[in-house]
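Below is one structure, written out as structure tokens, with a few remarks after it.
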Amino acid sequence: MHRRKIVLLGIDEQSFYDQTLWIDQHLQYQPYLLVKLTLPILSEKEEALPKVSFQELALKEALLSAVGGKNGHGANGTNKLELPKKVTQMRSYEASFGDVLQEGQFADLLVVEDSLVSAEYTQHGSPATLNELTAQVRCPTLVLKKPLIPVEQLVLFYDGSAQDFAMIQQFGQDFNRFSTSLPVTLLLLHTQPVPPLEEKLLIEYLKLHFYDLAVHKISEEYQHLLPVAIERDKGTLVVSSRSRPLPQFVTNYLPSESIFNLQFPA
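Per our numbering, the sequence shown starts with residue 549, numbered consecutively.
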């Protein structure tokens, strides 16, 4: 049985629950270990948000478990934050910058909400953003937008490099729930023309792993073709390399509220 380790970054129990529910609905992993890391926030904007310690999380989970009823409600009528049954193990604690790096080094997926990406945290006594932190971890990072809408389409990029193909290959293997159930658009971003045979072999390979595949050649010069390739009104999972940002003309086209980014390490 192929089990996974998923690390969640958040600030309160509701945040962790929402992320876990989204993962369970979309990825349909086998039983997995869940690690919940509560982050100490420095920025004024985020300081007012609740911080939950390991002890508080453990107590809250124990209380919810004790008072939960058949309909998923506690004794006071509030919703029970019940974890999916596939979570067979769980750890949670208030983490430092270094803790996140260590957990991310030995994990299959790191998940963080978009609202926290620019928040500041302590690194060796100095402020650092969460975006700077996640850029250093060695596992894929999934950035979730709120509200957590369903994903209806995938967008992949290929620029002719071995790195991009390795990323696509890993995505097809590790996130096959997406690749076998949703329409996939591959955008060929060519700085130099790809030989016809290479393009043919790439598409042949992709058709083995993605059930509903469309391939479009795109560049800044031909960005007017994007509406033909991607539907703007659908929840979109964009798969990209952490070392190379998406082309500006692509990010300008896609509405920010409907994009989820899955970033692979370089």
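The beta-carbon is built from N, C-alpha and C at its ideal position, and this holds for glycine as well.
Rounded to a whole number of angstroms, what is the C-alpha to C-alpha distance between A667 and A683?
Indexing the sequence shown from 1 puts residue 667 at position 119. Indexing the sequence shown from 1 puts residue 683 at position 135. Those two C-alpha atoms are separated by around 14 Å.
My assumption, with CB atoms under 8 Å, is that K634 sits in contact with D707. Please give the rounded CB distance.
In the sequence shown, the residue the question calls residue 634 occupies position 86. In the sequence shown, the residue the question calls residue 707 occupies position 159. About 36 Å separates the Cβ atoms of K634 and D707, ruling out a contact at the 8 Å cut-off.
So, V685 versus L658, is the Cβ gap smaller than 8 Å?
As a working mapping, residue 685 is identified with position 137 in the sequence shown. As a working mapping, residue 658 is identified with position 110 in the sequence shown. Against a cut-off of 8 Å, the Cβ pair of L658 and V685 comes out as a contact.
Endpoints, beta strand (DSSP E) assigned at Y706
Translated into positions along the sequence shown, residue 706 becomes position 158. Unbroken beta strand (DSSP E) run through Y706: Q701 to Y706.
Counting Cβ pairs closer than 8 Å, one from the segment 729-741 and one from the segment 757-765, do we hit at least three?
Judged by pairs of C-beta atoms under 8 Å, the segment 729-741 touches the segment 757-765, as three or more such pairs exist.
Assuming L575 and K553 make a contact with CB atoms under 8 Å, what is their CB distance in whole Å?
As a working mapping, residue 575 is identified with position 27 in the sequence shown. As a working mapping, residue 553 is identified with position 5 in the sequence shown. No, L575 and K553 are not in contact; Cβ-Cβ is about 13 Å, not under 8 Å.
Using a Cβ-Cβ cutoff of less than 6 Å, which residues in the same chain neighbour V665 once the five nearest sequence positions on both sides are dropped?
Taking the first residue of the sequence shown as 1, we reach residue 665 at position 117. Within the same chain, V665 has close Cβ partners L678 and N679.
Check Y770 in the structure and name its three-state DSSP category.
Translated into the one-based positions of the sequence shown, residue 770 becomes position 222. Y770 falls in the helix class under three-state DSSP.
Enumerated in chain order, which unbroken segments of the alpha helix (DSSP H) with a length of 4 residues or greater are wholly contained in the segment 680-758?
Listed in chain order, the complete alpha helix (DSSP H) runs (minimum 4 residues) inside the segment 680-758 are 710-722, 724-727 and 744-757.
Backbone CA spacing between C687 and F719 [nearest angstrom]:
Here residue 687 refers to the residue found at position 139 of the sequence shown. Here residue 719 refers to the residue found at position 171 of the sequence shown. Answer to the nearest angstrom: the Cα atoms are 12 Å apart.
If we ignore side chains and look at the alpha-carbon of each, how far apart do F797 and T636 end up?
Here the question's residue 797 lines up with position 249 in the sequence shown. Here the question's residue 636 lines up with position 88 in the sequence shown. Taking C-alpha positions only, F797 is separated from T636 by approximately 43 Å.
Look up F808 in the DSSP assignment and say whether it is helix, strand or coil.
Residue mapping note: residue 808 aligns to position 260 of the sequence shown, counting from 1. Strand.
Are there 16 or more other CB atoms within 10 angstroms of the CB of S601, so buried, or fewer, so exposed?
Taking the sequence shown and counting its residues from 1, one reaches residue 601 at position 53. At S601 the pLDDT is 40, less than 50, meaning the model places this residue with poor confidence and gives no usable figure here.
Given N809, which residues of its chain have a CB within under 6 Å of its CB, disregarding the five upstream and five downstream residues?
Position 261 of the sequence shown, counted from the first residue, corresponds to residue 809. Within the same chain, N809 has close Cβ partners V691 and V786.
Could you tell me if Y669 is buried or exposed, where buried requires 16 or more neighbouring beta carbons within 10 angstroms of its beta carbon?
Sequence index remark: in the sequence shown, residue 669 carries index 121 (1-based). By the Cβ neighbour-count rule, Y669 is buried, with 16 or more other Cβ atoms within 10 Å of its own.
Take L649 and list the residues in its own chain whose beta-carbon comes closer than 8 Å to its own, dropping the five residues that flank it on each side.
The sequence position of residue 649 within the sequence shown is 101, counting from 1. Correct list, in chain order: L681, Q684 and V685.
Check whether the Cβ atoms of V555 and A655 lie closer than 8 Å to each other.
As a working mapping, residue 555 is identified with position 7 in the sequence shown. As a working mapping, residue 655 is identified with position 107 in the sequence shown. When the beta-carbon positions are compared, V555 and A655 come within less than 8 Å of each other.
Using the three-state DSSP reduction, which class does V555 fall into: helix, strand or coil?
Translated into positions along the sequence shown, residue 555 becomes position 7. Looking at V555 - three-state DSSP - the assignment turns out to be strand.
Do you know how far the Cα of L557 is from the Cα of S881?
What is shown of the chain runs 549 to 814, which leaves residue 881 out entirely.
Compute the Euclidean distance between the alpha carbons of Q578 and L569, then round it to the nearest angstrom.
Start at 1 with the first residue of the sequence shown, and residue 578 comes out as number 30. Start at 1 with the first residue of the sequence shown, and residue 569 comes out as number 21. About 14 Å.
Skipping 5 residues on each side, what residues in its chain have a beta carbon closer than 8 Å to that of T699?
Residue numbering aside, residue 699 sits at position 151 when the sequence shown is read from its first letter. One detail in the question is off: residue 699 reads as Val in this sequence, not Thr. Same-chain partners within the cutoff: H574, F726, L730, G783, T784, L785 and F808.
Hey, quick one: how far does the beta strand (DSSP E) through L816 stretch, first residue to last?
Not covered by the structure: residue 816. The range shown for the chain is 549 to 814.
Helix or strand or just coil, what does DSSP make of L802?
Residue numbering aside, residue 802 sits at position 254 when the sequence shown is read from its first letter. Here L802 sits in coil by DSSP.
Below 8 Å between beta carbons: does that hold for R790 and T689?
If you number the sequence shown from 1, residue 790 lands on position 242. If you number the sequence shown from 1, residue 689 lands on position 141. In this structure, T689 lies closer than 8 Å to R790 by Cβ.
Collapsed DSSP secondary structure at E561 in the structure displayed:
By 1-based counting over the sequence shown, the position of residue 561 is 13. In the structure shown, E561 sits in a helix (DSSP, three-state: H, G or I).
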